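Some notes on the structure that comes next.
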Amino acid sequence: MGKTRLSNSILIQNAQIVAEHELLLGNLYCRNGKIEWFGPGSSFPEKYSLDSSAEVIDADGLIVFPGGIDPHVHFNLDIGGGVFSADSFLSGSEAALAGGTTTVFDFVTPARGESLLRALDQRIDETAGSLVHCYLHMSITEWNNQTAAEMAICVNERGIRSFKVYMAYKDKIGLGDGDIMKVMETAAKLDAIVMVHCEMGDAIEELKRILSSESKRDVRYHPVSRPSGLEAAAVKRVLELSEKSGCRVYIVHLSSKSGLSAVSDARHKHIYVETCPHYLIFDESRYLLPDYDKASSYVMSPPLRSTVDREALWQGIEDHRIDVIATDHCPFKKEDRQEYRDDFFYKIPNGAGGVEERIGLVYTHGVRTGRVDMRRFVELIATNPAKIFGLFPNKGVIRRGADADLVIWDPAYSRKISAATHRQASDINIYEGFETVGKVKTVIIGNRIIRI
Ligand code: URP
Ligand code: ZN
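Given below as structure tokens:
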């Protein structure tokens with residue numbers, strides 16, 4: 000990370016500004032951590048006299064857009080057996096900042112039997128090292144006679160606005176349909192949203208059992224154990240539960256054409272859909288890579304899909320059926336996967352990185368290819384997450400009075416992604432060698448000015 004300067008008075012001049020209702024070439028002024036004013040041309044209201052402590056940034060040829068909001072990261076995720084996802088809140092947030100993300104949402108994942116509120120307190124302590132704004136979603140990993148009351152306290156007293164349930168991983172954190180319905184009914188009464196990991200867990204367990212009995216251990220069987228039809232079936236189930244309960248639902252990391260079609264069939268205004276860059280860039284051939292370290296780095300759930308699925312997701316982005324591109328950032332170190340080299344694929348820790356690369360990848364593969372324009376780009380990476388998770392209009396938008404969380408982007412610059420130079424803590428990067436167009440030059444987060 001470059002130098003950080005503090006200033007309560009920041010003038011950005013000559014920038015292409017992606018504002019809430021317009022694109023303009025002009026100046027933008029921030030005071031006391033808020034966007035105070037912006038306007039076209041070289042105008043600047045006289046009433047804002049700049050003193051010597053003001054920071055003036057010449058952004059000629061550069062683009063200014065709202066700081067990215069990634070509503071789905073897993074920093075310091077405890078997966079048991081003493082293994083944690085690679086990034087701490089410090090290293091993960093450094094990576095986020097370097098990639099132009101100024102706000103993340105992570106998760107509280109209480110152990111079964113643990114109080115939600117106790118787990119929340121502990122997780123809040125862990126977020127203290129974050130360099131970016133950090134909010135938390137609450138995962139509901141079991142339903143017991145305390146859950147409804149604790150959910151109410153989470154919302155009414157602790158600022159939680161979103162709960163997460165898993166339809167997979169039923170042995171540890173996943174829930175059956177009856178319990179998901181209870182979570183949704185409770186959340187609906189609290190006007191909270193429920194995020195859902197949509198994969199039919201029981202069927203996946205059965206497929207894993209069959210593959211096991213056939214000694215199919217290799218990473219290539221990971222997608223075989225989690226076919227796209229099981230995502231689509233889960234999406235359909237969730238939509239029914241949402242309709243019955245009246246609960247707003249956010250489908251995390253949608254990966255497949257059939258999953259997207261299931262949403263499209265029943266889409267109504269309370270359903271939001273997220274996908275992730277890895278589903279937009281890669282396909283399942285990555286699991287056939289001969290190098291175990293590389294092939295296993297793509298083990299995430301849901302798995303990578305076919306090129307047809309990938310194109311369908313881009314189509315969903317273009318026609319607004321997908322609302323958010325988040326990352327599900329959860330990389331592990333090579334050593335954490337090493338011990339499973341000759342073991343069954345389903346024991347490999349699940350998850351991949353992306354918080355540092357997301358904005359560059361969406362800019363390169365979305366904006367530069369003409370699939371999305373700059374306004375839609377900003378919606379996908381910042382405005383929509385802010386709206387869905389209750390941060391709008393303070394965050395996710397350039398408008399007067401909004402928080403001064405901004406990215407100054409150099410579109411003329413290209414970079415090559417590499418684990419040798421990235422900021423995140425993992426020693427492998429699933430985008431190794433990928434070129435991205437554009438680069439974060441400066442991030443403003445409140446009164447902090449960070450040169451990247
Ligand atoms: O494979 C994944 N998605 N890992 C991250 C943890 C989770 O399930 O969201
Ligand atoms: Zn996740």
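Per numbering that gives the first Met the number 0, the sequence shown starts with residue 0, numbered consecutively.
Here a beta-carbon is modelled for each residue, glycine too, at the ideal position from N, C-alpha and C.
Computed from a predicted structure; not experimentally measured.
CB-CB length for residue i against residue j, believed under 8 angstroms
i: residue 329; j: residue 84; result: 5 angstroms
i: residue 101; j: residue 132; result: 6 angstroms
i: residue 206; j: residue 224; result: 5 angstroms
i: residue 396; j: residue 21; result: The Cβ separation is near 12 angstroms, so there is no contact.
i: residue 407; j: residue 352; result: With a Cβ gap of about 24 angstroms, residue 407 and residue 352 do not count as contacting.
i: residue 448; j: residue 6; result: 6 angstroms
i: residue 29; j: residue 9; result: 4 angstroms
i: residue 360; j: residue 435; result: 6 angstroms
i: residue 256; j: residue 307; result: 6 angstroms
i: residue 165; j: residue 175; result: With 8 angstroms as the limit, residue 165 and residue 175 do not qualify as a contact, their Cβ atoms being about 11 angstroms apart.
Three-state secondary structure (DSSP) of residue i
i: residue 347; result: coil
i: residue 336; result: helix
i: residue 136; result: strand
i: residue 328; result: strand
i: residue 205; result: helix
i: residue 223; result: helix
i: residue 94; result: helix
i: residue 76; result: coil
i: residue 14; result: strand
Alpha-carbon to alpha-carbon, residue j and residue i
i: residue 126; j: residue 383; result: 23 angstroms
i: residue 167; j: residue 157; result: 28 angstroms
i: residue 106; j: residue 160; result: 12 angstroms
i: residue 186; j: residue 364; result: 36 angstroms
i: residue 208; j: residue 215; result: 10 angstroms
i: residue 426; j: residue 369; result: 33 angstroms
i: residue 398; j: residue 333; result: 43 angstroms
i: residue 72; j: residue 278; result: 16 angstroms
i: residue 417; j: residue 142; result: 43 angstroms
i: residue 203; j: residue 169; result: 10 angstroms
i: residue 3; j: residue 381; result: 23 angstroms
i: residue 241; j: residue 378; result: 24 angstroms
i: residue 326; j: residue 276; result: 7 angstroms
i: residue 217; j: residue 293; result: 13 angstroms
i: residue 94; j: residue 75; result: 14 angstroms
C-beta atoms of residue i and residue j nearer than 8 angstroms
i: residue 299; j: residue 244; result: no
i: residue 301; j: residue 254; result: yes
i: residue 452; j: residue 251; result: Because residue 452 is not part of the residues shown, which for the chain are 0 to 451, the question remains open.
i: residue 88; j: residue 114; result: no
i: residue 219; j: residue 303; result: no
i: residue 451; j: residue 403; result: no
i: residue 409; j: residue 389; result: no
i: residue 362; j: residue 323; result: no
i: residue 151; j: residue 199; result: no
Below-8 angstroms beta-carbon distance, residue i vs any chain C residue
i: residue 40; result: The displayed structure is made up of one protein chain only, and chain C is not part of it.
Residue burial classification, residue i (beta-carbon count within 10 angstroms, cutoff 16)
i: residue 55; result: exposed
i: residue 423; result: buried
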